[in-house]
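A.B. asks: Here the protein sequences come in this chain order: A and Z. Going by full-length UniProt numbering, the letters in the first sequence line up with residues 1 to 262, in that order. Going by full-length UniProt numbering, the letters in the second sequence line up with residues 1 to 317, in that order. For every residue, glycine included, the Cβ atom is placed at its ideal position computed from N, Cα and C. All of these numbers come straight from a predicted model, not from anything done at the bench. Got a structure for you, written out below as C-alpha cells; questions coming shortly.
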Amino acid sequence: MTTDTAPRGMALRFYRYCWLHYRRNWKGTIVISVANPLLFLIAIGAGLGTIVGSHVAALGGVSYLAFFAPGMLAAASMQNGIIESAFPVSYHRMPGRAYPVAVATPLEPVDVLNGHALFMAVKVAIGATAFCAVMFAFGVATSPLAALTLPAAALTGFAFAMPVTAWAVTLPDVRPVQTLFKWVVMPLYLFSGTFFATTQLPEAAQHLVALTPLWHGVELCRTLTLGTATWAGSLTHTAYLSAMALAGYLLARRNFRRHLHP
Amino acid sequence: MSDVIAQATGLVKTYPPRDKRSAPFTAVNGIDFTLHRGEAFGFLGPNGAGKSSTMRMLACVSPPTAGTLRVLGLDPAADGRRIRARIGVVPQDDALDTELSVRENLLIYGRYFGLSTDVIDERATGLLDFAQLSDKAAERVDALSGGMRRRLTIARSLINEPEILLLDEPTTGLDPQARHVLWDRLFRLKQQGVTLVLTTHYMDEAEQLCDRLVVMDGGKIVAMGSPAELIAAHATREVLELRFGIGEQAAALDKLRQAVTGDRIEELPDRLLWYTAEGDAALAAAHTLGLTPVTALVRRSSLEDVFLALTGRTLVD
Numbered sequence: 001m002t003t004d005t006a007p008r009g010m011a012l013r014f015y016r017y018c019w020l021h022y023r024r025n026w027k028g029t030i031v032i033s034v035a036n037p038l039l040f041l042i043a044i045g046a047g048l049g050t051i052v053g054s055h056v057a058a059l060g061g062v063s064y065l066a067f068f069a070p071g072m073l074a075a076a077s078m079q080n081g082i083i084e085s086a087f088p089v090s091y092h093r094m095p096g097r098a099y100p101v102a103v104a105t106p107l108e109p110v111d112v113l114n115g116h117a118l119f120m121a122v123k124v125a126i127g128a129t130a131f132c133a134v135m136f137a138f139g140v141a142t143s144p145l146a147a148l149t150l151p152a153a154a155l156t157g158f159a160f161a162m163p164v165t166a167w168a169v170t171l172p173d174v175r176p177v178q179t180l181f182k183w184v185v186m187p188l189y190l191f192s193g194t195f196f197a198t199t200q201l202p203e204a205a206q207h208l209v210a211l212t213p214l215w216h217g218v219e220l221c222r223t224l225t226l227g228t229a230t231w232a233g234s235l236t237h238t239a240y241l242s243a244m245a246l247a248g249y250l251l252a253r254r255n256f257r258r259h260l261h262p
Numbered sequence: 001m002s003d004v005i006a007q008a009t010g011l012v013k014t015y016p017p018r019d020k021r022s023a024p025f026t027a028v029n030g031i032d033f034t035l036h037r038g039e040a041f042g043f044l045g046p047n048g049a050g051k052s053s054t055m056r057m058l059a060c061v062s063p064p065t066a067g068t069l070r071v072l073g074l075d076p077a078a079d080g081r082r083i084r085a086r087i088g089v090v091p092q093d094d095a096l097d098t099e100l101s102v103r104e105n106l107l108i109y110g111r112y113f114g115l116s117t118d119v120i121d122e123r124a125t126g127l128l129d130f131a132q133l134s135d136k137a138a139e140r141v142d143a144l145s146g147g148m149r150r151r152l153t154i155a156r157s158l159i160n161e162p163e164i165l166l167l168d169e170p171t172t173g174l175d176p177q178a179r180h181v182l183w184d185r186l187f188r189l190k191q192q193g194v195t196l197v198l199t200t201h202y203m204d205e206a207e208q209l210c211d212r213l214v215v216m217d218g219g220k221i222v223a224m225g226s227p228a229e230l231i232a233a234h235a236t237r238e239v240l241e242l243r244f245g246i247g248e249q250a251a252a253l254d255k256l257r258q259a260v261t262g263d264r265i266e267e268l269p270d271r272l273l274w275y276t277a278e279g280d281a282a283l284a285a286a287h288t289l290g291l292t293p294v295t296a297l298v299r300r301s302s303l304e305d306v307f308l309a310l311t312g313r314t315l316v317d
C-alpha cells in the first residue's frame, strides 16, 4: 500500500509483542509443543520399539528407536509449526486483537507478518532443540551429519507455518483450524513415514506419500540423523520445503495486506 | 480554524464481494469534507451509514477506492506510516490485550511507534494520571471496568502525542456516569489543541462534543454544520411529543393533520412529534381538538430531530 521505505526494526516491534504475550500464555502450549513429542518418543520409541526387532529390513538395519525418533522429530516440528501459526494468527487477526491494533500504528501488515513469522521460526527451533537434545541423549545419532537435523526439523516446521499463516489470516473464526487438524495434520502425521517405513505401503501409495511435505521432512531428518543422507536427496527435500515456505510467505504477504488494510 | 488538517473530495469506499454470489458493497459513496486543526468534528449517523469506513480511511488502515484524501497534508496511499505515526486511534472495541497489565499495554503500543522504554515510562505515568488509572497501572486489563478500559484506550492512543485523535463510538456501551467522565477528558484534550474526530449515533454526545458535524446516511453526507446551525436549518425551535393509548394514535394523527397547517408532524411507532415554534400553544390546540394524549412533553429540538427530518428515520432503533 505504501511507497515509503520501512524504517529498520519495524518487524522486531511486533516480534517483541509476541514474546510479551507468550509470557502470559506459555502454559497453554508448552505441553503440546514440547512435552507431548518427548512423551511419544519415550513411550513408542523406547517402549513399544523394544518389541520391534532391529532385524526388520524396512528399518534399514537400525533399532526402531533410531528409526522412529527423527521421524517423530519431523512430525512434531510440523505440528509445532501449525500450532504456532493457525491458532495465534486466526486469533490475533480478529477485531480488537493484536493485528488490527498494530496496523493502526506506523507498522504495515507486512511488518506484522515478518515479526510474527520470526517468532514462529524461533518457537519451532526451540521445540526442535528440546527434542534433539533428548533424541541425541538416547544415542540415536550415529553420524556427524546429525548436527544438521536441527535446522532440517526447524525448516520442516516453518514450511508448514507459512502457508497456514497465509490461510489463517483469512479466517473469520478459529473453527476451521480444528478441521485442518482432523483432516490434514492427523493423516500426514500417521502416513508420512513417521511410525513405519513408507516402503511397507503399496507402490501407488508410496508415490502419493512422496508428494506430501511431511514425508520430505521425515526423510531429510532421518537420513541426516542416521548418516545415510545423499546430496541429491537432501537437496530435493530442502528445496521442496523451502519452496513451500516461500510460497506460503508470499501468499501471506498478500493476504495480510488484503485483510488487515482492507 | 483556517488551518486544514484533513480534506476529502469525492471519497468512495467499495468493498469487494465476500463470495461469488454477493455483490461489491459501497459503504461510502462520494463524500467531501474538510477538517480544521483544533476543532472537534463529528460523523453522525445510524449503523451502516458509512461513518466507520470513513474513519478507517482517515486512519490510513483502509485505502480509498476513489476520490482524494489528504491527512496532515500527506497522501494515505503513499505515506500511511508517516500519517499513522502522527494520529491516535480509539477503536470502538478497545482492542486492549486483556492478559497484559495496564502499563504493559502502553509499553507495547509505545514500542510500535518506535519510542524508547524511558520515554514510554515517562509518558505512561502522565497518561495514566490523565486517564485516572494511576492506581491500576499494575493490574491486568481484564480486571478493569468498561469505562476504565475506554479511558485506557484513550491514554494508549495519546502515547505518540498525536495531532489528530480519531474516536469511533467513544461512549457506546458505557453507563451515563462513565460517559460524562469520558466527555470531560475529551474536552480537556480539545483544550490542549488536539483535533478530535469522532463518530457517534448519540445526538447528545454530538451536541456536547462537536463544533461541527456531518450527518451521514447510506454512504452520503446529507447535512453539514454546527449542531445549532443544523437544528435551526432542519427543525423548529420546539417539539411537542404526544403519546396515545393503544390503537388511538392513527385517529389522532388524522385529526391533527387536518387541523394543523404549516407545522410538520412526524409519526413514530410509539408517539407523534409535532414540530412547532411554541410547544405549549400546540398542546393547548391539541386539547381544543378534543385529543387526550396519555403523555405530552414539550422539549427543544435536537440533532435527533434533524436526522429524522433529513432521512425520515430515527437514529437509534
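With DSSP as the reference, please indicate the residues paired to Z:Gly88 in a beta bridge.
C.D. replies: Taking the first residue of the second sequence as 1, we reach residue 88 of chain Z at position 88. BP columns for Z:Gly88 point to Z:Leu165.
A.B. asks: Measure the Cβ-Cβ separation of Z:Gly110 and Z:Asn160 and say whether it is below 9 Å.
C.D. replies: Within the second sequence, the letter at position 110 stands for residue 110 of chain Z. Within the second sequence, the letter at position 160 stands for residue 160 of chain Z. Yes, the pair counts as a contact, with Cβ atoms nearer than the cut-off.
A.B. asks: Across which residues does DSSP place Z:Thr14 in a beta bridge pair?
C.D. replies: Start at 1 with the first residue of the second sequence, and residue 14 of chain Z comes out as number 14. Answer is Z:Thr26.
A.B. asks: Just to confirm, are residue 289 of chain A and A:Gly127 a CB contact at a threshold of 9 Å?
C.D. replies: Nothing in the structure corresponds to residue 289 of chain A, since chain A is present only between 1 and 262.
A.B. asks: Count the CB pairs spanning the region 66–78 of chain Z and the region 62–75 of chain A that are closer than 8 Å, and state whether there are at least three.
C.D. replies: Judged by Cβ distances under 8 Å, the region 66–78 of chain Z makes no contact with the region 62–75 of chain A, as fewer than three pairs qualify.
A.B. asks: Counting along the chain, where does the beta strand (DSSP E) carrying Z:Tyr275 start and finish?
C.D. replies: Taking the second sequence and counting its residues from 1, the one referred to as residue 275 of chain Z is at position 275. Looking at the DSSP string, the run of the beta strand (DSSP E) that includes Z:Tyr275 is Leu272 to Thr276.
A.B. asks: Are the C-beta atoms of Z:Asp94 and some chain A residue less than 9 Å apart?
C.D. replies: Here the question's residue 94 of chain Z lines up with position 94 in the second sequence. For Z:Asp94, the answer is yes, since a Cβ of chain A falls inside 9 Å of its Cβ.
A.B. asks: If I measure Cβ to Cβ from Z:Leu291 and keep anything under 7 Å in the same chain, skipping five residues before and after, which residues do I get?
C.D. replies: Counting from one through the second sequence, the residue named residue 291 of chain Z turns up at place 291. Correct list, in chain order: Ala252 and Lys255.
A.B. asks: Since Z:Gly42 is in the beta strand (DSSP E), which residue starts that stretch and which ends it?
C.D. replies: Counting from 1 along the second sequence, the entry for residue 42 of chain Z is found at position 42. Z:Gly42 -> beta strand (DSSP E) spans Ala40 to Leu44.
A.B. asks: Report, in whole angstroms, the separation of the C-beta atoms of A:Val89 and A:Thr165, which I expect to be a contact under 8 Å.
C.D. replies: Numbered from 1 along the first sequence, position 89 holds the residue referred to as residue 89 of chain A. Numbered from 1 along the first sequence, position 165 holds the residue referred to as residue 165 of chain A. Indeed, because the Cβ distance is near 5 Å, the residues count as touching under 8 Å.
A.B. asks: Under the three-state reduction of DSSP, which class applies to Z:Gly262: helix, strand or coil?
C.D. replies: On the second sequence, position 262 is the one that residue 262 of chain Z refers to. In this structure, Z:Gly262 counts as coil in the three-state DSSP scheme.
A.B. asks: State the Cα-Cα distance for the pair A:Pro176 and A:Trp183, rounded to the nearest angstrom.
C.D. replies: For this step, residue 176 of chain A is matched to residue 176 along the first sequence. For this step, residue 183 of chain A is matched to residue 183 along the first sequence. If you take the alpha carbons of A:Pro176 and A:Trp183, they lie about 11 Å apart.
A.B. asks: Rounding to the nearest angstrom, what Cα-Cα distance links residue 264 of chain A and Z:Leu107 in this structure?
C.D. replies: Summary: the structure shown does not reach residue 264 of chain A, with chain A confined to residues 1 through 262, and so no result is reported for it.
A.B. asks: Check whether chain A comes within 9 Å of residue 319 of chain Z, counting only Cβ atoms and requiring the distance to be less than that.
C.D. replies: There is simply no residue 319 of chain Z to check, as chain Z begins at 1 and stops at 317 in what is shown.
A.B. asks: Strictly by DSSP, which residues pair up with Z:Leu196?
C.D. replies: Mapped onto the second sequence, residue 196 of chain Z falls at position 196. Looking at the DSSP assignment, Z:Leu196 forms a beta bridge with Z:Ala40 and Z:Leu165.
A.B. asks: Where do the N-terminal and C-terminal ends of the alpha helix (DSSP H) with Z:Glu238 fall, by residue?
C.D. replies: By 1-based counting over the second sequence, the position of residue 238 of chain Z is 238. That residue, Z:Glu238, is in no alpha helix (DSSP H); its beta strand (DSSP E) goes Glu238 to Arg243.
A.B. asks: How is A:Ser85 classed by DSSP in three states: helix, strand or coil?
C.D. replies: As a first step, residue 85 of chain A is located in the first sequence; it is residue number 85 there, counting from the start. A:Ser85 falls in the helix class under three-state DSSP.
A.B. asks: Considering Z:Gly126, what are the terminal residues of the alpha helix (DSSP H) in which it resides?
C.D. replies: As a first step, residue 126 of chain Z is located in the second sequence; it is residue number 126 there, counting from the start. Taken as a continuous stretch (DSSP letters only), the alpha helix (DSSP H) holding Z:Gly126 covers Thr117 to Phe130.
A.B. asks: Show which residues of chain A have a CB atom less than 9 Å away from the CB atom of Z:Tyr275.
C.D. replies: Within the second sequence, residue 275 of chain Z is the residue found at index 275, counting from 1. Within 9 Å Cβ-Cβ: nothing; Z:Tyr275 doesn't reach chain A, min ~40 Å.
A.B. asks: When the Cα atoms are used, what is the spatial distance from A:Pro95 to Z:Arg156?
C.D. replies: On the first sequence, residue 95 of chain A is found 95 positions in, with the first residue counted as 1. On the second sequence, residue 156 of chain Z is found 156 positions in, with the first residue counted as 1. Roughly 17 Å between the two C-alpha positions.
A.B. asks: Against chain Z, does A:Leu20 count as a neighbour if the rule is that its beta carbon must be under 9 Å from one of theirs?
C.D. replies: Taking the first sequence and counting its residues from 1, one reaches residue 20 of chain A at position 20. Taking Cβ atoms only, chain Z reaches closer than 9 Å to A:Leu20, which makes this a yes.
A.B. asks: Under 7 Å between beta-carbons, which chain A residues line up against Z:Arg111? List them in chain order, please.
C.D. replies: The sequence position of residue 111 of chain Z within the second sequence is 111, counting from 1. Under the 7 Å cutoff, chain A gives Arg13 and Arg16.
A.B. asks: According to the neighbour-count rule (16 or more other Cβ atoms, all chains shown, within 10 Å of its Cβ), is Z:Tyr275 buried or exposed?
C.D. replies: On the second sequence, residue 275 of chain Z is found 275 positions in, with the first residue counted as 1. Its Cβ being crowded by 16 or more others within 10 Å, Z:Tyr275 is buried.
A.B. asks: Name, please, each residue of chain A whose Cβ falls closer than 9 Å to the Cβ of Z:Asp97.
C.D. replies: Here the question's residue 97 of chain Z lines up with position 97 in the second sequence. Within 9 Å Cβ-Cβ: Tyr17, Leu20, His21, Arg24, Arg97, Ala98 and Val101.
A.B. asks: Kindly list the residues whose CB is nearer than 8 Å to the CB of A:Thr2, restricted to its own chain and excluding five residues on each side of it in sequence; keep chain order.
C.D. replies: As a working mapping, residue 2 of chain A is identified with position 2 in the first sequence. In this prediction, A:Thr2 has a pLDDT of 42, which is less than 50 and means its spatial position is unreliable; what the coordinates show is noted afterwards. Cβ within range, chain order: Glu108.
A.B. asks: With burial defined as no fewer than 16 other Cβ atoms inside 10 Å of the residue's Cβ, what is the status of A:Asn25: buried or exposed?
C.D. replies: As a first step, residue 25 of chain A is located in the first sequence; it is residue number 25 there, counting from the start. When all chains shown are included, A:Asn25 counts as exposed.
A.B. asks: Starting from Z:Ile221, trace the beta strand (DSSP E) both ways and give me its first and last residue.
C.D. replies: Here residue 221 of chain Z refers to the residue found at position 221 when the second sequence is read from its first residue. Lys220 to Gly225 is the extent of the beta strand (DSSP E) around Z:Ile221.
A.B. asks: Chain Z beta carbons: is any one of them nearer than 9 Å to that of A:Thr105?
C.D. replies: Counting from one through the first sequence, the residue named residue 105 of chain A turns up at place 105. Closer than 9 Å: yes.
A.B. asks: Leaving out five residues before and five after Z:Pro16 in sequence, what residues of the same chain have Cβ atoms less than 8 Å from its Cβ?
C.D. replies: The sequence position of residue 16 of chain Z within the second sequence is 16, counting from 1. Answer for Z:Pro16: Pro24, listed in chain order.
A.B. asks: Report buried or exposed for A:Trp215, applying the criterion of at least 16 other Cβ atoms within 10 angstroms of its Cβ.
C.D. replies: Position 215 of the first sequence, counted from the first residue, corresponds to residue 215 of chain A. So A:Trp215 counts as buried.
A.B. asks: Can you list the residues of chain A that Z:Ala85 reaches, using a CB-CB cut of under 8 Å?
C.D. replies: Your numbering for residue 85 of chain Z matches position 85 in the second sequence. Chain A residues near Z:Ala85: Thr105 and Pro106.
A.B. asks: What is the DSSP secondary structure of A:Ser234, counted as helix, strand or coil?
C.D. replies: For this step, residue 234 of chain A is matched to residue 234 along the first sequence. Note: A:Ser234 maps to helix in three-state DSSP.
A.B. asks: Can you list, in chain order, the residues of its chain whose CB lies under 8 Å from that of A:Tyr17, leaving out five sequence neighbours each side?
C.D. replies: Stepping through the first sequence from its first residue, residue 17 of chain A is reached at position 17. So the qualifying residues of the chain are Ala98, Ala102 and Gly115.
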